[in-house]
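Here's the structure, in structure tokens; my notes come after.
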Amino acid sequence: MMFLPSFKSTFLLWFFILTTCGNQGKAHKKNIVENASPKNDTLQISANQTEAYLPKLKNKQIAIIANQTSVIFKKNGRTHLIDSLLSHDINIVKVFAPEHGFRGQVDAGEHVNDGMDKKTGLPIISLYGKNKKPSDEQLKGIDLVVFDIQDVGVRFYTYIATLQLAMEACAKNNIPILVLDRPNPNIHYVDGPTMQKEHTGFLGMTLIPLVYGMTIGEYATMINEEGWLKNNNKALLTVIPLKSYSRKTNYSLTIRPSPNLPNDTAINLYPSLGLFEGTNVNAGRGTEYQFQRYGASFLDSIQYNFHYTPKSNFGAKYPKEKGKKCFGKDLSKVSRMNEVSMQWIIDAYMNTVDKKKFFITKGFTKHAGTEKLQQQIEAGLSNNEIKKTWQADINAFKKIRAKYLLYPEN
1 MMFLPSFKST FLLWFFILTT CGNQGKAHKK NIVENASPKN DTLQISANQT
51 EAYLPKLKNK QIAIIANQTS VIFKKNGRTH LIDSLLSHDI NIVKVFAPEH
101 GFRGQVDAGE HVNDGMDKKT GLPIISLYGK NKKPSDEQLK GIDLVVFDIQ
151 DVGVRFYTYI ATLQLAMEAC AKNNIPILVL DRPNPNIHYV DGPTMQKEHT
201 GFLGMTLIPL VYGMTIGEYA TMINEEGWLK NNNKALLTVI PLKSYSRKTN
251 YSLTIRPSPN LPNDTAINLY PSLGLFEGTN VNAGRGTEYQ FQRYGASFLD
301 SIQYNFHYTP KSNFGAKYPK EKGKKCFGKD LSKVSRMNEV SMQWIIDAYM
351 NTVDKKKFFI TKGFTKHAGT EKLQQQIEAG LSNNEIKKTW QADINAFKKI
401 RAKYLLYPEN
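Read in order, the letters of the sequence shown correspond to residues 1 to 410 in our numbering.
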């Protein structure tokens, strides 16, 4: 029998890990305070509603898809979901880790290795390495899979792809999957180019707009009921909904959902500035203002009075333009966005010294979901002209989306 240490020791492990991660962001006073609990006292995240899901887990062999955000909040701190389940004698057999790893410390795009949690003895299986979908062998003997990861509501943020692939694997093997819902900090709007079928992949598996305005639980229900899983299969899906939550609920994350999303501003700007990942321009990686600025050494220095120099740091070992003086714009004081904006991509493109090298075409198309966006920018279309071309697809998606919304507008 696998040896499992006491709840106290596993709790101390997670407390150390989470507070250590939190120390990485102290240079910026707006960064997420990693040892805090949400300020909203009425909202109950699904993980906190143990009475709703513990009976479903009793006397079963459980696999969990989780990372550093998979916590239960308490008045004086928080407990990782795994620690909580072990304390209730739930038989956790293995843990699957998404991009950035089980503890959220791996760089974007960097492979996550399989391993073993030294304190609990639980095997950690990567879903961002050799395979991105649980294999039949890895699911052998599993009675139920629990998914609990904080999303940010952006199509190219890979946790929803991990969810979809896990649902496909569970459907194939006739294993139920239970999703613990969490708030979406970008739930307040739907916008951006819609993914085209020929460009689907891990940065976008379904034909949805860049920002889709749904919680991860709502999204899971939609892809299941719309037949968007492989071979039109349906998973045996259960979603534990949030309590006292609406699409207007003001919710700030208290744990970085990934290393380069350190605060509310970065999370809010990520849909717009994340598109810089498909260009040769730096979007704040290698600084403490990730996705709150952009710049490059080859942008016109006369046009910009702001500059910075990216360096290796937590979450970015090799940032673009490392060690170079980058000219660009600081967006850390921008008001909360209610749309995806192309103004900054257009601005950078107009002020680069070599437009032919600006786009990393394959990467930009994967992020945008369409070849049209690059073509529109190169053709000189304005932000408003580009956004008008999105509307028909957005309106069609909203009609589908409306069937699966669990939470009111107010």
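Even glycine gets a Cβ: it sits at the ideal position worked out from N, Cα and C.
With a threshold of 7 Å on Cβ separation, who are the neighbours of residue i within its own chain once the five nearest residues in sequence on each side are excluded?
i: Phe156; result: Leu203, Gly204, Gly274 and His367
i: Leu165; result: Lys132 and Lys133
i: Ala316; result: Asp107, Asn260, Arg285 and Gly286
i: Ala402; result: none
Is residue i helix, strand or coil when you go by DSSP?
i: Asn282; result: strand
i: Asp136; result: coil
i: His199; result: helix
i: Asp191; result: strand
i: Gln391; result: helix
i: Arg155; result: coil
i: Asp330; result: strand
i: Asn232; result: helix
i: Leu261; result: coil
i: Ile345; result: helix
i: Met248; result: Checking the sequence, you will find Lys at residue 248 rather than Met. Lys248: coil per DSSP, three-state reduction.
i: Thr162; result: helix
To the nearest whole angstrom, what separates the beta carbons of residue i and residue j, a pair I think is in contact under 8 Å?
i: Asn268; j: Arg336; result: 6 Å
i: Leu242; j: Ser46; result: 6 Å
i: Tyr312; j: Lys322; result: One point to set straight first is that residue 312 is Ser, not Tyr, in the sequence displayed. With a Cβ gap of about 7 Å, Ser312 and Lys322 count as contacting.
i: Thr265; j: Gln292; result: 5 Å
For the beta strand (DSSP E) that contains residue i, what are its first and last residues?
i: Asn91; result: Asn91 to Ala97
i: Ala66; result: Gln61 to Ala66
i: Lys324; result: Careful: Lys324 lies outside any beta strand (DSSP E) and carries neither H nor E.
i: Ile240; result: Leu237 to Ile240
i: Tyr294; result: Arg293 to Ala296
i: Ile32; result: Where Ile32 is concerned, there is no enclosing beta strand (DSSP E), given that its DSSP letter is neither H nor E.
i: Leu406; result: Counting along the chain, Leu406 falls outside any beta strand (DSSP E), and DSSP gives it neither H nor E.
Return the first residue and the last residue of the alpha helix (DSSP H) that residue i is part of.
i: Gly363; result: Thr361 to Ala368
i: Asp264; result: Asp264 to Leu273
i: Lys56; result: Thr50 to Leu57
i: Lys372; result: Lys372 to Glu378
i: Asp414; result: As displayed, the chain neither begins before 1 nor continues past 410, which places residue 414 out of reach and without an answer.
i: Ile82; result: Leu81 to Ser87
i: Ile216; result: Ile216 to Glu225
Can you tell me whether residue i is buried or exposed? The criterion is at least 16 other CB atoms within 10 Å of its CB, across all chains shown.
i: Tyr318; result: exposed
i: Gly217; result: buried
i: Thr361; result: exposed
i: Phe327; result: buried
i: Gly227; result: exposed
i: Glu51; result: exposed
i: Cys21; result: With a pLDDT of 40 at Cys21, under the threshold of 50, the predicted position of this residue should be treated as unreliable, though the coordinate-derived value follows. Under this definition Cys21 is a buried residue.
i: Met116; result: exposed
i: Asn263; result: buried
i: Ser135; result: exposed
Whose C-beta lies closer than 6 Å to the C-beta of residue i among residues of the same chain, with five residues either side of it excluded?
i: Cys170; result: Val145, Ile177 and Ala235
i: Lys320; result: Asn282
i: Thr215; result: Asp181 and Asn184
i: Ser84; result: Ile72
i: Glu277; result: His367
i: Pro123; result: Lys94 and Met116
Near residue i, what residues of its chain come up, given a Cβ to Cβ distance below 8 Å and the 5 sequence neighbours on each side ignored?
i: Leu139; result: Ala63, Val145, Ala169, Cys170, Asn173 and Ile175
Quick one: is the Cβ of residue i within less than 7 Å of any heavy atom of the ligand SAM?
i: Tyr289; result: Summarising the ligand content, the structure contains no ligands, and the ligand SAM is consequently not present.
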